[in-house]
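Protein chains in written order, with my numbering: chain Z, 1 to 263; chain P, 1001 to 1220.
The block underneath contains the structure these notes are about, expressed in structure tokens.
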Amino acid sequence: MSETVDIGYANLALAYILLLIPLFLIVWYRVPMLGQTIQGIVRMTLQLVLVGLYLEVVFRLDYLWLNGLWLLVMITVADVSVVRGTGLRLRFFALPLFAALLVGLGAPLFFFIGVVLRRPMPLEAQFAIPIGGMILGNCLRADIIGIRNFYEAIHKDEKAFLNALAQGARLGEATRPYLRNAAHAALAPTVAVMATVGIVSLPGMMTGVILAGADPLTAIKYQIAIMIAIFSGTALTVALAIWLTMKRSFTGYGTLDERIFRK
Amino acid sequence: MEISEGKKLPPAVRLERVTVRLGGKVVVQNFTFDVPEGRKVTLTGRSGSGKTSILRCILGFTVPDEGAVYVTGERVTAESVWELRTRLAYVAQEPELGAGIVREVLERPFQYRANRDFRRNLEQTPQLFRQFMLSDELLAQPVSKLSGGEKQRVALIQSILLDRKIFLLDEVTSALDRAAKQAVLDYFRPRADLTVISVSHDTQAFNDLVVNIGNSRERE
């Protein structure tokens, strides 16, 4: 297979010409998101340039502690994003969710690198950072859906939830139907992607490996392994996130602590 | 407010100087109330007088700001409440039965560990349906098709099947016609082992003691 084809900065600038299409449509139809779109494009560019520069250094040095530290930064940012996305209070959720993300990312990541790829160092920058990012990105989306679904459903369905407690259910028994629904909502998108991958879409990992010059069969092997790692990571992190946050979100009497919701 | 009994048994329910504030507003103030085992009591009073808050305190869904609540002599705390709830039945004015057909709904709480031993009580379902003037055919109907009065009686039957002894009833006969209401009263009134605390504007139904919140009176 061929080598990676680099994009020159001038050519990259040409890519921005494509933006004229959505910008024209937004202006023509007066879609009220012009400012938001421009801000999004600027942020994407700046963030990726900065991260690219930083990762150049990280990859060049390839210090295990620095790679680990970067993963922790990624988890911290994901942690805050998830809590903000759920409409819940950071002080109740930040710590348990951090632990859930750490385990939900760490377990499939180290299995992927250590067992599937058989790399001697599980924190090698070339693998740990991109694969960790893919798993974490999916965990973030699934956690927002799962956690929000779980707490909002109990809040809205308070009468039925309290009725279960009044009928003698322990907290785990009373919350089980809500946990089941939340897990379903959180995992359904990943399952749908797994069921259509390769036909409806060529996912980022596979595309990246092909663009890097590998043959398509190598790319699909990576893709299968990463899909499994993502699914395991999201399932683990959603279950752990709900389980760990429950300890702070319910009173000793089993009722939902209303202080967890941001007003 | 107390009914003197001369027995050594603790009251089925005791509220001791209970004060509840909700959103900074006092809804129950310094309320003391004993219900001996087997008595049928009605709490009445205007809307917002704290009747439902009292039931919530007994169930541990509202924690009193002051005072204490006891069920069969045991104080309701975060530790004890889980076991104490297995002695209580709560039936709301609009019972939350969940989705599904009536038979499934009746069986649902028996999945909980605390109720598994009572599963064989489900055999009494047809008899209780007849006693509460409900057709057996309702068992195969979806809950969504039940009328308000049918839902109230299904919820009552569910509590009876769970073998509870203290019934907290919130306007539970409000949607029943005269005959169905009488059937409910005929079940509870002669049962000396069942204690009833009913929140209702109907002060004739369970009238061993009628407590008008904020203006109490006794009837013996």
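Note that the Cβ used here is the ideal one computed from N, Cα and C, for glycine as well.
Quick caveat, the model's predicted, so the values are computed rather than measured.
Proximity of residue i and residue j at Cβ, strictly below 9 Å
i: residue 1165 (chain P); j: residue 1195 (chain P); result: yes
i: residue 107 (chain Z); j: residue 147 (chain Z); result: no
i: residue 1182 (chain P); j: residue 1095 (chain P); result: no
i: residue 206 (chain Z); j: residue 133 (chain Z); result: no
i: residue 277 (chain Z); j: residue 233 (chain Z); result: The question about residue 277 (chain Z) has no answer here: the residues shown for chain Z are numbered 1 through 263.
i: residue 143 (chain Z); j: residue 186 (chain Z); result: yes
i: residue 246 (chain Z); j: residue 171 (chain Z); result: yes
i: residue 161 (chain Z); j: residue 256 (chain Z); result: yes
Chain P contact residues for residue i, given Cβ-Cβ distances below 7 Å
i: residue 165 (chain Z); result: 1085
i: residue 252 (chain Z); result: 1078
i: residue 169 (chain Z); result: 1112
CB contact below 9 Å: residue i versus chain Z
i: residue 1061 (chain P); result: yes
i: residue 1035 (chain P); result: no
i: residue 1112 (chain P); result: yes
i: residue 1092 (chain P); result: yes
i: residue 1142 (chain P); result: no
i: residue 1002 (chain P); result: Bear in mind that a pLDDT of 46 at residue 1002 (chain P), under 50, signals an unreliable position, so the number given afterwards is only what the model happens to contain. False, the Cβ-Cβ gap to chain Z never drops below 9 Å.
i: residue 1152 (chain P); result: no
i: residue 1109 (chain P); result: yes
i: residue 1158 (chain P); result: yes
Same chain, Cβ closer than 7 Å to residue i, five either side skipped, listed in chain order
i: residue 271 (chain Z); result: Nothing about residue 271 (chain Z) can be read from this structure; chain Z reaches only from 1 to 263.
i: residue 1028 (chain P); result: 1018, 1019, 1020, 1050, 1053, 1054
i: residue 1163 (chain P); result: 1118, 1121
i: residue 230 (chain Z); result: 134, 135, 138, 190
i: residue 1097 (chain P); result: 1105, 1143, 1151, 1154, 1155
i: residue 1160 (chain P); result: 1128
Any C-beta of chain P under 9 Å from that of residue i
i: residue 159 (chain Z); result: yes
i: residue 248 (chain Z); result: no
i: residue 162 (chain Z); result: yes
i: residue 56 (chain Z); result: no
i: residue 173 (chain Z); result: yes
Own chain partners of residue i with C-beta closer than 8 Å, once the 5 adjacent residues on each side are dropped
i: residue 99 (chain Z); result: 240, 244
i: residue 1084 (chain P); result: 1060, 1071, 1072, 1074, 1076
Contacting residues, own chain, Cβ-Cβ under 6 Å from residue i (five flanking each side not counted)
i: residue 1142 (chain P); result: 1101
i: residue 1176 (chain P); result: 1149
i: residue 62 (chain Z); result: 125
i: residue 261 (chain Z); result: none
i: residue 1212 (chain P); result: 1044, 1045
Cross-chain neighbours of residue i in chain Z, by beta carbon under 7 Å
i: residue 1081 (chain P); result: 253
i: residue 1096 (chain P); result: 159, 160, 163
i: residue 1064 (chain P); result: Near residue 1064 (chain P) there are no residues of chain Z at all, since even the closest Cβ is about 12 Å away, more than 7 Å.
Closer than 8 Å at the beta carbon, the chain Z residues around residue i
i: residue 1115 (chain P); result: 167, 168
i: residue 1088 (chain P); result: 166
Residues that residue i contacts on chain Z, provided the C-beta gap is smaller than 9 Å
i: residue 1162 (chain P); result: 167, 168
Assess, as a yes-or-no matter, whether the region 96-112 of chain Z is touched by the region 161-172 of chain Z under the definition of 3 or more beta carbon pairs within less than 8 Å.
no
Give a yes or no on contact between the region 1008-1017 of chain P and the region 1061-1069 of chain P, applying the rule of three or more CB pairs nearer than 8 Å.
yes
Counting pairs of Cβ atoms below 8 Å between the region 146-161 of chain Z and the region 73-86 of chain Z, do you hit three or more?
yes
Taking 8 Å as the threshold, find out whether the region 1079-1098 of chain P comes into contact with the region 1031-1040 of chain P through three or more Cβ pairs.
no
For the region 1166-1182 of chain P against the region 1195-1205 of chain P, are there 3 or more C-beta pairs whose distance is under 8 Å?
yes
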